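So the structure is just underneath, and the comments pick up after that.
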Amino acid sequence: MQIVKDYGPITGESIAEKLNLTRATLRPDLAILTMAGYLEARPRVGYFYTGKTGTQLFADKIKKMKVEDYQSIPVVVNENVSVYDAIVTMFLEDVGTLFVVDDESLLAGVLSRKDLLRASLGKQELTAIPVNIIMTRMPNIAVCYKDDSLIDVAEQLIEKQIDAMPVVRKTEKGYEVIGRITKTNMTKAFVSLAKDDV
1 MQIVKDYGPI TGESIAEKLN LTRATLRPDL AILTMAGYLE ARPRVGYFYT GKTGTQLFAD
61 KIKKMKVEDY QSIPVVVNEN VSVYDAIVTM FLEDVGTLFV VDDESLLAGV LSRKDLLRAS
121 LGKQELTAIP VNIIMTRMPN IAVCYKDDSL IDVAEQLIEK QIDAMPVVRK TEKGYEVIGR
181 ITKTNMTKAF VSLAKDDV
């Protein structure tokens, strides 16, 4: 890297000469430095130093991460199911958020653990209350799209203090739920990024 910093742009052959190595011996090292982002290669020009630090390269990697690469399968319930059935679904699916859809399978609301806990306090009959009474409704729902940046979605989760967000596809009639992004998805992305960097 120092040779490229000092003499760049410089060809692979010239670097090999300065190190008393063959071009073939040097090729894997140059490939790694180029893939990592420390060097750039231009045909008929040679290698040059990008000037980016490890921290900048790590930040660049994070900014390129997309929702579609880390989203998971959404857990949805119809807006007419009972609060009791929603609690059972949340328990069986082991999720903290349910996405509520209407009869056309379009996003109508979101149910969190807190919503269901709040509804279960008191003496009301949970099998008689439909979830559309207690859910958070559109347009008060934060949504994201599969090509959104993962870091932007993470910022929204933090800012809005929510555990999950539906990944949607916009249709003429409304939003179709195609996935979910949760704090767990974010943790998995963070871990995979660290493992890639090792």
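Counting from 1, one number per residue, gives the positions in the sequence shown under full-length UniProt numbering.
Ideal Cβ placement from N, Cα and C applies to all residues, glycine included.
Please read these numbers as outputs of a predicted model, since none were measured by experiment.
Rounded to a whole number of angstroms, what is the C-alpha to C-alpha distance between Lys66 and Lys114?
Position 66 of the sequence shown, counted from the start, is the residue given in the question as residue 66. Position 114 of the sequence shown, counted from the start, is the residue given in the question as residue 114. Lys66 and Lys114: Cα-Cα distance of roughly 29 Å.
Could you check if Val100 is buried or exposed, using at least 16 other CB atoms within 10 Å of its CB as the buried criterion?
Sequence index remark: in the sequence shown, residue 100 carries index 100 (1-based). In this structure Val100 is buried. Its beta-carbon is surrounded by 16 or more other beta-carbon atoms within 10 angstroms.
Which runs of the beta strand (DSSP E), 3 residues or longer, sit entirely within the UniProt domain "CBS" (70-129)?
76-78, 97-101, 107-112
Within its chain, find whatever has a CB closer than 7 Å to the CB of Gly174; leave out the 5 residues flanking it on each side and keep chain order.
Residue numbering aside, residue 174 sits at position 174 when the sequence shown is read from its first letter. Leu106, Leu107, listed in sequence order.
Assuming the contact rule is C-beta atoms closer than 8 Å, Leu98 and Leu111 should be a hit. Round their C-beta distance to whole Å, please.
As a first step, residue 98 must be located in the sequence shown, where it is residue number 98. As a first step, residue 111 must be located in the sequence shown, where it is residue number 111. Their Cβ separation, rounded to whole angstroms, is 4 Å, which keeps Leu98 and Leu111 in contact under 8 Å.
If we call anything under 9 Å between Cβ atoms a contact, is Arg118 one with Ile133?
Locating residue 118 in the sequence shown gives position 118, counting from the first residue. Locating residue 133 in the sequence shown gives position 133, counting from the first residue. Contact flag unset, no.
Please determine if the region 74-93 and the region 15-35 are in contact, where contact requires at least 3 C-beta pairs separated by less than 8 Å.
No: the two stretches stay apart, fewer than three of their Cβ pairs being nearer than 8 Å.
Per DSSP, what kind of secondary structure is residue 206 in: helix, strand or coil?
This structure cannot speak to residue 206, because the chain is shown only from 1 to 198.
Residues near Lys18 in its chain [Cβ-Cβ closer than 7 Å; skip 5 each side]:
To locate residue 18, count along the sequence shown from 1; it is residue 18. So the qualifying residues of the chain are Ile3.
Find the nearest neighbour of Ala189 within the set Gln71, Pro9, Leu30, Ser14, judged by alpha-carbon distance.
On the sequence shown, residue 189 is found 189 positions in, with the first residue counted as 1. Selected option, being the one with the closest Cα: Gln71.
Whole alpha helix (DSSP H) runs in the UniProt domain "CBS" (135-198) with 4 or more residues, listed along the chain?
List check, alpha helix (DSSP H) in window: 150-160, 183-197.
How would you write the range of the beta strand (DSSP E) that Gly46 sits in, first residue to last?
Against the sequence shown, residue 46 aligns to sequence position 46. Looking at the DSSP string, the run of the beta strand (DSSP E) that includes Gly46 is 46-49.
Exposed or buried, what is Val167 when buried is set at 16 or more other beta-carbons lying within 10 Å of its beta-carbon?
Working through the sequence shown from its first residue, we reach residue 167 at position 167. Buried, since its Cβ has 16 or more Cβ neighbours within 10 Å.
Nearest-angstrom Cα separation, counted from Thr136 out to Val45
The count along the sequence shown starts at 1 and reaches residue 45 at position 45. The count along the sequence shown starts at 1 and reaches residue 136 at position 136. It is roughly 58 Å from the alpha-carbon of Val45 to the alpha-carbon of Thr136.
Going by beta carbon distance, what residues of the same chain come within less than 6 Å of Ile178, once the five residues before and after it are set aside?
Reading the sequence shown from its first residue, position 178 is the one you call residue 178. Answer for Ile178: Val167, Arg169, listed in chain order.
Lys5, enclosing alpha helix (DSSP H) - first and last residue
Sequence index remark: in the sequence shown, residue 5 carries index 5 (1-based). Looking at the DSSP string, the run of the alpha helix (DSSP H) that includes Lys5 is 2-7.
Quick one, which of Glu172, Thr50, Ile129, Asp163 has its alpha-carbon nearest Arg180's?
Mapped onto the sequence shown, residue 180 falls at position 180. When only C-alpha atoms are compared, the closest one is Asp163.
In three-state terms, what does DSSP make of Lys64?
Here residue 64 is taken as the residue at index 64 of the sequence shown, counted from 1. For Lys64, the secondary structure class from DSSP, reduced to helix, strand or coil, is helix.
Please list, in chain order, all residues of the same chain as Glu176 whose beta carbon is under 7 Å from its beta carbon, the five residues on each side excluded.
As a first step, residue 176 is located in the sequence shown; it is residue number 176 there, counting from the start. For Glu176, where only same-chain residues beyond five positions count, the Cβ hits under 7 Å are Ser105, Leu106, Val168, Arg169.
Going by beta carbon distance, what residues of the same chain come within less than 8 Å of Val198, once the five residues before and after it are set aside?
Here the question's residue 198 lines up with position 198 in the sequence shown. Since pLDDT at Val198 reaches only 42, below the 50 mark, its modelled position is unreliable, and no value is offered.
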